[in-house]
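Trainee:
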Amino acid sequence: MLVLQAIIDGILVGGFYALMAGGLTLVFGVMDIVNFAQGILVVLGAYLSYALYSHLAIDPFLSLLITLPGMFVIGVAVYWSLIKPIKQDRVIMSLLVMFAVGTIAEGILDLIFTSNLVQIQTSYVNSSFSLGSLVFPDIYVYAFLMSVVLLGGVYYLLYRTRFGRSLRASMQNPTAARLVGINTDWVSAFTLGIGVALAAAGGMVFGLTNSFDAASSYDLISRLLAIVIFGGFGSLSGALIASVLMLVIQDVVAVVWSPTWGQTTFYIVLILILLLRPQGLLGRKAVRAQ
Amino acid sequence: MTAVDVAPVGAAAPEHIPYEPPRAIRWSGTGLLLVFLAVFPLIFPNPAVTSIAVFTMIFLVAAIGWNIFSGYSGYISIGHAAYYGIGQYTVALVALHTKIAAGWPTFALLPAAGLACAVAAVPIGFLLLRVRKHTFIILTVAVMFILQLLAFNFTSWTNGSGGLELPFPTWSGDFFNEPFYYVGLAAAVVACAVSWWVRRSKYGLGLLSIRDDEDRARGLGIHTTRTKLIAYVLSAFFVGIAGGLYAPFVGSVYPQFGFDPNFDLAVAVLVFVGGIGTLSGPVIGALLLIPLQQYFELQFGSANLFLIAYGVLFILILRLLPAGIAPSVTKLWRHVLVARRRAAAAGKTGSGTAQPATATLHTGGDEVAQ
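Chains as they are written, first to last, in the working numbering: chain A, 5 to 294; chain B, 38 to 407.
1) Can a CB atom of chain A be found closer than 8 Å to the CB of residue 126 (chain B)?
2) Do residue 215 (chain B) and residue 87 (chain B) count as a contact pair if the criterion is CB distance below 8 Å?
3) Spell out the partners DSSP gives residue 138 (chain A) in its beta bridges.
4) Which value, in whole angstroms, describes the spacing of the CA atoms of residue 173 (chain A) and residue 181 (chain A)?
5) Looking only at its chain, what residues have a beta carbon closer than 7 Å to the beta carbon of residue 150 (chain B), apart from the 5 residues adjacent to it on each side?
6) By the three-class DSSP mapping on this structure, what secondary structure does residue 122 (chain A) have?
7) Count the CB pairs spanning the stretch 38-47 of chain A and the stretch 91-107 of chain A that are closer than 8 Å, and state whether there are at least three.
8) Since residue 214 (chain B) is in the alpha helix (DSSP H), which residue starts that stretch and which ends it?
9) Measure the C-alpha to C-alpha separation of residue 173 (chain B) and residue 86 (chain A) and round it to an integer number of angstroms.
10) With a cut-off of 8 Å, does the C-beta of residue 215 (chain A) fall near any C-beta of chain B?
11) So residue 28 (chain A) and residue 244 (chain A) are supposed to be a Cβ contact under 8 Å. How far apart are they, rounded?
12) In chain A, which residues lie with their C-beta within 9 Å of the C-beta of residue 167 (chain B)?
13) Give every residue of the same chain whose Cβ lies closer than 6 Å to the Cβ of residue 52 (chain A), excluding the five residues on either side of it in the sequence, and list them in chain order.
14) Mind listing which residues of the stretch 109-138 of chain A have their C-beta closer than 7 Å to chain B's C-betas, in chain order?
15) Rounded to whole angstroms, what's the CA-CA distance from residue 121 (chain B) to residue 265 (chain B)? Just pull it up for me.
16) For residue 202 (chain B), which beta-bridge partners are listed by DSSP?
17) Using a Cβ cut-off of 9 Å, which residues of the stretch 154-183 of chain B contact any Cβ in chain A, in chain order?
18) Report the neighbours of residue 64 (chain A) on chain B: residues whose CB is nearer than 8 Å to its CB, in chain order.
19) Examine chain A for any beta-carbon lying closer than 8 Å to the beta-carbon of residue 57 (chain B), and answer yes or no.
20) Mind listing the chain B neighbours of residue 265 (chain A)? Cutoff is C-beta to C-beta under 8 Å, in chain order.
21) Please determine if the stretch 231-242 of chain A and the stretch 132-152 of chain A are in contact, where contact requires at least 3 C-beta pairs separated by less than 8 Å.
22) Please list, in chain order, the chain B residues whose beta carbon lies closer than 7 Å to that of residue 275 (chain A).
23) Does DSSP classify residue 216 (chain A) as helix, strand or coil?
24) Taking only beta-carbon positions, decide if residue 34 (chain A) is within less than 8 Å of chain B.
25) How big is the Cα-Cα spacing for residue 67 (chain A) and residue 263 (chain B)?
26) Would residue 161 (chain A) count as contacting chain B if we go by Cβ distances under 8 Å?
27) Buried or exposed: residue 1 (chain A), going by 16 or more other Cβ atoms within 10 Å of its Cβ?
28) What residues of chain A sit near residue 341 (chain B), judged by a beta carbon separation below 7 Å?
29) Is the Cβ-Cβ distance between residue 138 (chain A) and residue 254 (chain A) less than 8 Å?
30) Give the C-beta separation of residue 26 (chain A) and residue 248 (chain A) to the nearest angstrom, bearing in mind that I take them to be a contact with Cβ-Cβ under 8 Å.
31) If you reduce the DSSP assignment to three classes, tell me which class residue 252 (chain B) lands in.
32) Straight-line CA distance for residue 370 (chain B) to residue 310 (chain B)?
33) What in chain B is Cβ-close to residue 226 (chain A), meaning under 8 Å?
34) Would you kindly report the start and end of the unbroken alpha helix (DSSP H) that includes residue 178 (chain A)?
35) Can you have a look at residue 153 (chain A) and say buried or exposed, based on whether 16 or more other CB atoms are within 10 angstroms of its CB?
36) Could you tell me the boundaries of the alpha helix (DSSP H) in which residue 334 (chain B) lies?
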């Protein structure tokens, strides 16, 4: 029964990890940019929801109406001001730029909110309901439903709209996409916007379920990167499957062995995957990488 | 791509302009720098200053080591803190278990720290180098975090988050920093010599060709995996020595400061600022930035302002001098030479005969600009 409970917990938590990892993998797929700032952007989203809740008493889920567009604009702005001007060595340069953006964001957040751990404390944070002997914490269920809605929205955007078609074209072959008249700059800017906005949504849940400070971003980014590598870089469905699998594995190991080893197994799974399948679960094989 | 300062074969035309300053300038510059570094603690004996100097030496060794792999092969590792941590724990554990006396004998453990890292780097490198550049970057970070977690979890060895305390040497306060400084300087000189050898050897050319086009390098018969792995192990060795120097200097080892993500950023930033893939780049970067960083920390106390300043500086450098300081200076110097020779050629002969010479100069200038 404990194991079943751990599996359910893993699936519920995996849902919101999929949000954050989805943003990361989408950005990589379109632009070959490893968004190293994703961890701190998640924390930024958490702090924004925290500030809106504690100062204006806006419910965290409602605050998404403000933070999602806000973070989207941040993503677009970062693209136009910092990523687009990079002329040479884009993959590595953009990664380093995002690293630097993350550092600056961490410094600013640390300056404003200090390094005391905080958590968003709403009425439903600690409540739960049970089915039989299984416990379902309310917050994780809400978060899971929200993740499903948001990821459904991203899926719709990707596969049912004109923008989605341009985006997938840019993913497959940027040069050819430009040749048929797709403005890949705008596609890239919007994609980074979406990726960052997903970080905001994930951050809101992160802020509700964990106490955090600016330094929490390191733990987050390493987990997110592990998930994205596991799923295969640039594969959205890979990221979803990997999030759920990783969290389930971690929770089950925590139950049957010990919580401290849960997270280590997370990374051991990663190493096994790399030995057996270096491109990840659903990743494309690198053809003549630059 | 960063400028390669090894002259291409085809450029050996009569009007060839070298890609780097003349040997006399290079050697005398290196000599002057060495003399300055050697007498530095004698000029500034203030412990606050020499402590900054020790940190500079530690990062100098790490930066040169990092550059041997990441700079020359083009595979950016931002997980070399893995070896910084292993080096620290090696020195701490051996010193504590063998009850070695604090002070000079701990320096004898430095090669052990380097070797432990080199040994660890063989399987890790073998695993990581299965993937290409951008996935590799991520994996290096992942490995660093795995080791950090292990350091937290293997409490029987590492005492987990409680950390390990090293006994302090019994040197007097005034003379405390100098031994660390000179050992660090010696390690930096050795690292530089190895880096120089790699840069000039046939092996190093293979490494550079991997940076420029790995598939073609493989096609030309270079054992790419073996070549990369050797460089990876070499660089792990020197980063481990830097860690082995750091642990007895601060007197303690903690998982989060041994396997420190900020260390990765710091080393990458200073090599990029100095000029990645060049011999002098890491030296310039470390000697400029680390004293600045330490000064900032002493002056403002809190780390957050420093984080902001560092990030902004990094973005500015990437934007303004994408190749780094060393290649930009070389390029500027060469432009001046080209302009001067062209002016001389135009003045000496008629316009008709000067044409071919100008053309050679042009292509030379473009090549270095790439």
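Note that the Cβ used here is the ideal one computed from N, Cα and C, for glycine as well.
Mentor: Walking through what the data contain:
1) no
2) Residue 87 (chain B) is a Cβ neighbour of residue 215 (chain B), given a cutoff of 8 Å.
3) A:135
4) So the alpha carbons of these two residues sit roughly 6 Å apart.
5) 124, 127, 128, 277, 278, 280 and 281
6) strand
7) yes
8) 214-237
9) 23 Å
10) With 8 Å as the cut-off, residue 215 (chain A) does not count as an interface residue toward chain B.
11) The pair is not a contact, with the Cβ atoms about 12 Å apart (cut-off 8 Å).
12) 278, 279 and 282
13) 71
14) Under the 7 Å Cβ criterion, the stretch 109-138 of chain A contributes 110, 111, 112, 114 and 115.
15) 20 Å
16) B:289
17) Residues of the stretch 154-183 of chain B with a Cβ closer than 9 Å to any Cβ of chain A, in chain order: 164, 165, 167, 168, 169, 170, 171, 172, 174, 175, 176, 178, 179, 180, 181, 182 and 183.
18) Going along chain B, no residue has its Cβ under 8 Å from residue 64 (chain A), so there is no contact; the nearest lies around 25 Å.
19) no
20) 190
21) Contact between the stretch 231-242 of chain A and the stretch 132-152 of chain A is absent, because fewer than three Cβ pairs lie under 8 Å.
22) 164
23) Assignment of residue 216 (chain A) by DSSP, reduced to helix, strand and coil, places it in the strand class.
24) no
25) 53 Å
26) Chain B, which has no Cβ nearer than 8 Å to the Cβ of residue 161 (chain A), makes this no.
27) The displayed coordinates of chain A run from 5 to 294. Any statement about residue 1 (chain A) would go beyond what the structure contains.
28) 111, 114 and 115
29) Result no, Cβ atoms of residue 138 (chain A) and residue 254 (chain A) do not sit closer than 8 Å.
30) Wrong, their Cβ atoms sit about 12 Å apart, outside the cutoff.
31) helix
32) Separation of residue 370 (chain B) and residue 310 (chain B) (C-alpha to C-alpha, rounded to the nearest whole angstrom) is 18 Å.
33) 178, 179 and 182
34) 178-183
35) exposed
36) In the DSSP annotation of this structure, the continuous segment of the alpha helix (DSSP H) that includes residue 334 (chain B) starts and ends at 318-337.
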